[in-house]
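All remarks here apply to the structure that follows.
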Amino acid sequence: MRIIFAIVFLLFFTDLNAQDTTQKVIANRFNSIEQKEKPYVILISLDGFRWDLADKYQAKNLIKLRESGVHADYLKPSYPSLTFPNHYGIVTGMYPSHHGVVDNIFHDKARNVTFRRADKKMAVDSSWYGGKPLWVLAEEQKMLSAIFYWPGSEISMNGIKPTYLFNYSEIIPLDRRINIVKDWLHLPAEKRPHFIALYFPQVDKAAHSFNPDSEQTRAAVQILDDAVGKMLAIATESKLPINFIVLSDHGMTPVDRENTIPLPKAIDLNHFIVPPGNAIIHVYAKEKQYIKPTYKALKAEAKDYDVYLSKNIPKAWHYNKKEDQYNRVGDMILVPHLPKVFNINNIKPDAGQHGFDPAIADMHGIFYATGPNFKSNLKIQAFENVNVYPLIAKILGLNYTHKIDGKPKVLAPILKDK
């Protein structure tokens, strides 16, 4: 077991050189008199935490939180069930086709530029992002926010960033992160953040590398369960009206790494731009005249995958041409039949994968919530993760007038009557 924990530790602390570990603080901000009286929300994302992992690996603190408060059968991700599109969708209340981050890697036809989340310069460029994140909504209404690594949080939206912010880094140990949250909660009322969001990638990393049924994933679950337990204890000790929401962006499934699907012969790279991917392949035409004949050839060639013209992508995915507000979804997309995945760049895929149809059980995540605004001992039906945005806005008393996909009525029944 010590060896497994050591492997998990090394997984989480790779590529550490030159990572920024300093807290960014905007000093001249204060909660308004009205906002100081509002409750608190701590939103925690456990990346890749499949709906069944708490029970599978006996995560006692998460199970206790789940059973004492509100929990859903599962949390349904948006399509594609990938990290960046879903994390940004959770904090904007919008489907990826509506907020613009349609994949971890995608091509913008108008700019003729391919977005890559691993490109630091692109990842912090607000022109790629639509919607209004919860921290911007809060700051606009004189409520302070604090964000620890949430995907998309490093952008400046209309000149607004969180009051307290850590850029993504894997150096800061979990206990240090927990103590930073404790420090935030001990700030004077006028400086104390009411919306706090944290992102933990440990389970996702382990499940990708070793698959979700591995001992390494078990170890990662236990590490995060311990961290959640410590944060719950800190919240209790603070005696503040803190509402905890623990969720995940998607699940994870084992895939066939040996028998992968190569780039289809029907696709001529002289005529198409095809970013790499495993669970979804976007095919962007350089000239429209090549779409129809290539589509027909792909349909004839396809064996272990489905081919969709952008106009025919399933309506349930909110991803077709009609909904693609930024024109960033491929003219065609290719979707493999599990356990098969694509491998178009000759890089062996990870053992665990996500990005597939949100209706697939292994793609389902978790939603657990507890605190003074939530009912107790309540189990609810599954719901789409875009509905978390209006829930948090309601708890914090934040108003919004812009259009979102989340519906306040979906989660209204889990709140206590005031």
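Residue numbers (the numbering used here): 286 to 703.
Quick reminder that beta carbons are idealized off the backbone N, C-alpha and C, glycines included.
With 16 or more other CB atoms across the displayed protein chains lying within 10 angstroms of its CB, T655 is buried. In the structure shown, F495 falls within a helical segment according to DSSP collapsed to helix, strand and coil. Around L338, the same chain offers V506 as residues with beta carbons nearer than 6 Å, after the five sequence neighbours per side are excluded.
In the structure shown, H567 adopts extended strand secondary structure according to DSSP, grouped into three states.
I558 and N389 have their C-alpha atoms spaced approximately 16 Å apart. By the Cβ test, the segment 453–473 is in contact with the segment 419–433, since at least three Cβ pairs between them sit closer than 8 Å. In this structure, D510 places its C-beta atom within 7 Å of the C-beta atom of L347. In its chain, beyond the 5 residues on either side, A570, K571, E572, Y575, T579 have a beta carbon closer than 8 Å to the beta carbon of H556. When the beta-carbon positions are compared, F529 and I327 come within less than 7 Å of each other. When C-beta atoms of the segment 374–390 are compared with those of the segment 668–677, three or more pairs fall below 8 Å, so the two segments count as touching.
Judged by their CB atoms, R335 and M537 are nearer to each other than the 7 Å cut-off.
Burial state of N313 is exposed, judged by a 10 Å Cβ sphere holding fewer than 16 other Cβ atoms. Nearest to I440 by C-alpha distance, out of V695, L419, E455, is L419.
Taking the CA atoms as reference points, P621 sits about 22 Å from T399.
The C-beta distance from F433 to R462 rounds to 6 Å, short enough to meet the 8 Å contact threshold. For Q320, the enclosing alpha helix (DSSP H) begins and ends at 318–321. Of the residues S438, E455, P458, the one whose Cα lies closest to the Cα of Y449 is S438. Counting only unbroken stretches of 3 or more residues, the beta strand (DSSP E) elements lying wholly within the segment 387–456 are 390–393, 398–401, 430–433, 449–451, in sequence order. Contact check for G650 and A492: beta-carbon distance about 12 Å, past the 8 Å limit, so the pair fails to qualify. Under the three-state reduction of DSSP output, M617 falls in the strand class.
With 16 or more other Cβ atoms inside 10 Å of its own Cβ, L350 counts as buried. Between D534 and D332, the gap from beta carbon to beta carbon is short of 7 Å. According to DSSP, L483 shares a beta bridge with I329, F433.
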